[in-house]
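Numbering (the numbering used here), first residue to last: 204 to 563.
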C-alpha cells in the first residue's frame, strides 16, 4: 500500500505553543522557510522574498475577502444557536453550518440581534432544508424585497476566525489580505496575509509581476479529510474566477521562461481547477465551481512554485503541498521548523517552495 494515499501518513505532533494566536507585526516580519532545491532549504524573513524570486516570475494572488459569516442568535423559543454562512444559494437563501444541529429542524425559526449601534430589528430566518453533503442547513432570511443579506451582513455577523485561534485581539483587517477586494470567503487565504503594500511594490519594481484570481474559501478548504483512503475524500465545491487577463499573463510568463508562483493553496486550486475545466494542455479563463483535490501523484498543469503557511495534520492542504515536494520531505521540513519554533497555521509563518524543489 502506497503510504501517500493513507490519511494516517499525514500526521505530526505540534506543541500547542506554536499555534499562532496573533499575526506578525508588521505583516512581512514573519519567518520564511525557503525550499530551494530537492535537498536544501534556508531560513529567511518574508520581507526578503525578492531575494529568492527572479525578474519575470509571476505571483498569483487570491483577492477574496472574508465576510462576517459567523452569526450568534437564538430560536424563537429562546435556545442559543450559532451559524456559519458558507455560500449563497438563491435570493436570501444561504447554506450554513449550524450549532447545535438538533435545534435546526426543518421549519425552525431563528433570529439574530444587530451588533451595530442604531435601531436595527432582529434578523430572522427559517430552516427550509438539510444539506446532506455538508451536514448544514439551508436558511431563508426574512428581508424586504429590495434588500439582500449581503447588504445587512455587517450589522449582524462577525469575522469567523478559525477555532484554533482562541486568544487573539487582532483587529479584523489583520485577517484580510491587503489586496482583498471580492467578498465571499469564510476563511482568509492565509499565505497572502504576509504581504504589505510596500513589499508588493518592491517586488513589482524588481520585475516580479503580479496577477489575481478569486477563490472564495469555503468548507472545501478547511474541512478535514476523514477517510483513511484519501482518494475516497470528496472535496466540497468552491467558487473560482480565473479571468482572461490572468490567463494571458500566465501564458506570457510561460512563453518567456518565467515561473508561475501561486500565493497559497487556494490560488493553486483555482489555477489548477481552471486548467482541469479547460480539458486541454493549457489553462483557459474559467468562472464556476471547482472540487479539485490535489494529493501526491497529481500532475501539475500551471503552478511552478508555491508560497504557503504551515497546515493542520490530516488536512487536504497538507496533501496538496505534499504533491509538490513529496510527503516524507514535507513532514521532515515540518520537524525542522518545529525545532526552530516557527509559528503555525493562519497567523503563522510561511514557506516558499521554488520550482527547483518540485518533485516533478
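The beta carbon of each residue, even a glycine, is placed where N, CA and C say it ideally should be.
Everything numeric in this text was worked out from a predicted model, so none of it was measured.
Quiz prompt | Boundaries of the alpha helix (DSSP H) in which residue 408 is found, first to last residue | solution = The sequence position of residue 408 within the chain shown is 205, counting from 1. Note, residue 408: alpha helix (DSSP H), 400-408.
Self-check item: Outcome for residue 421 when other beta-carbon atoms lying within 10 angstroms are tallied against a minimum of 16
Solution: Here the question's residue 421 lines up with position 218 in the chain shown. Residue environment: residue 421 is assigned as buried (16 or more neighbouring CB atoms within 10 Å of its CB, all protein chains considered).
Quiz item: Taking buried to mean at least 16 other C-beta atoms within 10 Å of its own C-beta, is residue 230 buried or exposed?
Solution: As a position in the chain shown, residue 230 is number 27, starting the count at 1. So residue 230 counts as buried.
Quiz item: Of all the options 555, 222 and 212, which has the alpha carbon lying nearest to the alpha carbon of residue 366?
Solution: Reading the chain shown from its first residue, position 163 is the one you call residue 366. Cα-wise, what sits closest to residue 366 is 222.
Quiz prompt | Three-state class that DSSP yields for residue 275 in the structure shown | solution = Against the chain shown, residue 275 aligns to sequence position 72. Under the three-state reduction of DSSP, residue 275 is assigned to strand.
Quiz item: Which term fits residue 410, buried or exposed, when burial requires 16 or more other beta carbons within 10 angstroms of its beta carbon?
Solution: Taking the chain shown and counting its residues from 1, one reaches residue 410 at position 207. Exposed, since its Cβ has fewer than 16 Cβ neighbours within 10 Å.
Exercise. Keeping to the same chain, check which residues put their C-beta closer than 6 Å to that of residue 285; ignore five residues upstream and five downstream.
Key: The count along the chain shown starts at 1 and reaches residue 285 at position 82. Within the same chain, residue 285 has close Cβ partners 275 and 302.
Quiz item: With burial defined as no fewer than 16 other Cβ atoms inside 10 Å of the residue's Cβ, what is the status of residue 575: buried or exposed?
Solution: For residue 575 there is no data in the structure shown, the boundaries of the chain being 204 and 563.
Quiz item: Quick one: what does DSSP say residue 438 is sitting in, helix, strand or coil?
Solution: Here residue 438 refers to the residue found at position 235 of the chain shown. In the three-state scheme derived from DSSP, where H, G and I count as helix and E and B as strand, residue 438 is classed as coil.
Quiz prompt | Presumed contact (8 Å Cβ cut-off) between residue 550 and residue 368, rounded CB distance | solution = Against the chain shown, residue 550 aligns to sequence position 347. Against the chain shown, residue 368 aligns to sequence position 165. Indeed they touch by this definition, with Cβ atoms about 7 Å apart.
Quiz item: Just to confirm, are residue 312 and residue 279 a CB contact at a threshold of 9 Å?
Solution: Along the chain shown, read from residue 1 onward, the residue named residue 312 stands at position 109. Along the chain shown, read from residue 1 onward, the residue named residue 279 stands at position 76. Taking a C-beta distance under 9 Å as the contact criterion, residue 312 and residue 279 qualify as a contact pair.
Self-check item: 8 Å contact criterion, which residue 464 and residue 256 should meet: CB distance rounded
Solution: Counting from 1 along the chain shown, the entry for residue 464 is found at position 261. Counting from 1 along the chain shown, the entry for residue 256 is found at position 53. Beta-carbon to beta-carbon, residue 464 and residue 256 are separated by about 7 Å, close enough to satisfy the 8 Å threshold.
Quiz item: For residue 554 versus residue 235, is the C-beta distance shorter than 9 Å?
Solution: For this step, residue 554 is matched to residue 351 along the chain shown. For this step, residue 235 is matched to residue 32 along the chain shown. The answer is yes: Cβ separation under 9 Å.
Quiz item: So, is residue 386 buried or exposed, given that buried needs 16 or more other C-beta atoms within 10 angstroms?
Solution: For the purposes of this step, residue 386 is identified with residue 183 of the chain shown, where counting begins at 1. Exposure of residue 386 is indicated by the presence of fewer than 16 other C-beta atoms within 10 angstroms of its C-beta.
Exercise. Could you work out which residue in 516, 487, 532 and 219 is closest to residue 544 when comparing CA atoms only?
Key: As a first step, residue 544 must be located in the chain shown, where it is residue number 341. Closest option to residue 544, Cα to Cα, is 219.
Practice problem: Enumerate in chain order the residues of its own chain whose CB-to-CB distance from residue 232 is below 8 Å, with the five nearest sequence positions on each side excluded. | Solution: To locate residue 232, count along the chain shown from 1; it is residue 29. For residue 232, same chain residues with a beta-carbon under 8 Å away, outside a window of 5 residues either side, are 248, 249 and 250 in chain order.
Quiz prompt | residue 506 versus residue 224 - alpha carbon distance | solution = Counting from one through the chain shown, the residue named residue 506 turns up at place 303. Counting from one through the chain shown, the residue named residue 224 turns up at place 21. About 30 Å.
Quiz item: Are three or more beta carbon pairs between the segment 460-479 and the segment 500-514 nearer than 8 Å?
Solution: Verdict: yes, contact present.
Quiz prompt | Residues that DSSP places opposite residue 491 in a beta bridge | solution = In the chain shown, counting from the first residue as 1, residue 491 sits at position 288. Residue pairing of residue 491 in beta bridges, as defined by DSSP: 443.
Quiz item: Which value, in whole angstroms, describes the spacing of the CA atoms of residue 239 and residue 449?
Solution: If you number the chain shown from 1, residue 239 lands on position 36. If you number the chain shown from 1, residue 449 lands on position 246. A direct Cα-to-Cα measurement between residue 239 and residue 449 gives close to 26 Å.
Exercise. Alpha carbon to alpha carbon, how far is residue 326 from residue 254? Give it in angstroms, no decimals.
Key: Along the chain shown, one-based indexing puts residue 254 at 51. Along the chain shown, one-based indexing puts residue 326 at 123. C-alpha separation (whole angstroms): 51 Å.
Quiz item: What is the C-beta distance between residue 270 and residue 388, in whole angstroms, given that I count them as a contact (C-beta under 8 Å)?
Solution: Position 67 of the chain shown, counting from 1, holds the residue named residue 270. Position 185 of the chain shown, counting from 1, holds the residue named residue 388. So it is a contact: roughly 7 Å between Cβ atoms.
Quiz item: Quick one: is residue 370 buried, meaning 16 or more other Cβ sit within 10 Å of its Cβ, or exposed?
Solution: Mapped onto the chain shown, residue 370 falls at position 167. Using a 10 angstroms sphere on the CB of residue 370, the tally of other CB atoms stays under 16, which defines it as exposed.
Quiz item: How would you write the range of the alpha helix (DSSP H) that residue 519 sits in, first residue to last?
Solution: For the purposes of this step, residue 519 is taken as the residue at position 316 of the chain shown. Element bounds for residue 519: 519-528.
Quiz item: How would you label residue 376, buried or exposed, when you count the other beta carbons within 10 angstroms and need 16 or more for buried?
Solution: Along the chain shown, read from residue 1 onward, the residue named residue 376 stands at position 173. Classification of residue 376: exposed, given that the 10 Å Cβ count is below 16.
Quiz item: Can you tell which of 216, 400, 210 and 390 has the C-alpha that lies nearest to the C-alpha of residue 381?
Solution: Translated into positions along the chain shown, residue 381 becomes position 178. Per the C-alpha coordinates, the member of 216, 400, 210 and 390 positioned closest to residue 381 is 400.
Practice problem: Tell me whether residue 236 sits in a helix, a strand or coil according to DSSP, three-state version. | Solution: Stepping through the chain shown from its first residue, residue 236 is reached at position 33. For residue 236, the three-state secondary structure derived from DSSP is strand.
Quiz item: Is the closest heavy atom of the ligand HEM to the C-beta of residue 343 under 8 Å?
Solution: Inclusion of the ligand HEM in the displayed structure is not the case, the ligand content being empty and no account of it being possible.
Practice problem: Would you mind sorting residue 265 into buried or exposed? The rule is 16 or more other CB atoms within 10 Å of its CB. | Solution: Against the chain shown, residue 265 aligns to sequence position 62. Answer is buried; the Cβ neighbour count reaches 16.
Quiz item: Among 552, 481 and 212, which residue has its Cα nearest to the Cα of residue 394?
Solution: In the chain shown, counting from the first residue as 1, residue 394 sits at position 191. The option with the nearest alpha carbon to residue 394 is 552.
Quiz prompt | Span separating the alpha-carbon of residue 535 from that of residue 488 | solution = Locating residue 535 in the chain shown gives position 332, counting from the first residue. Locating residue 488 in the chain shown gives position 285, counting from the first residue. If you draw a straight line from the Cα of residue 535 to the Cα of residue 488, it is about 37 Å long.
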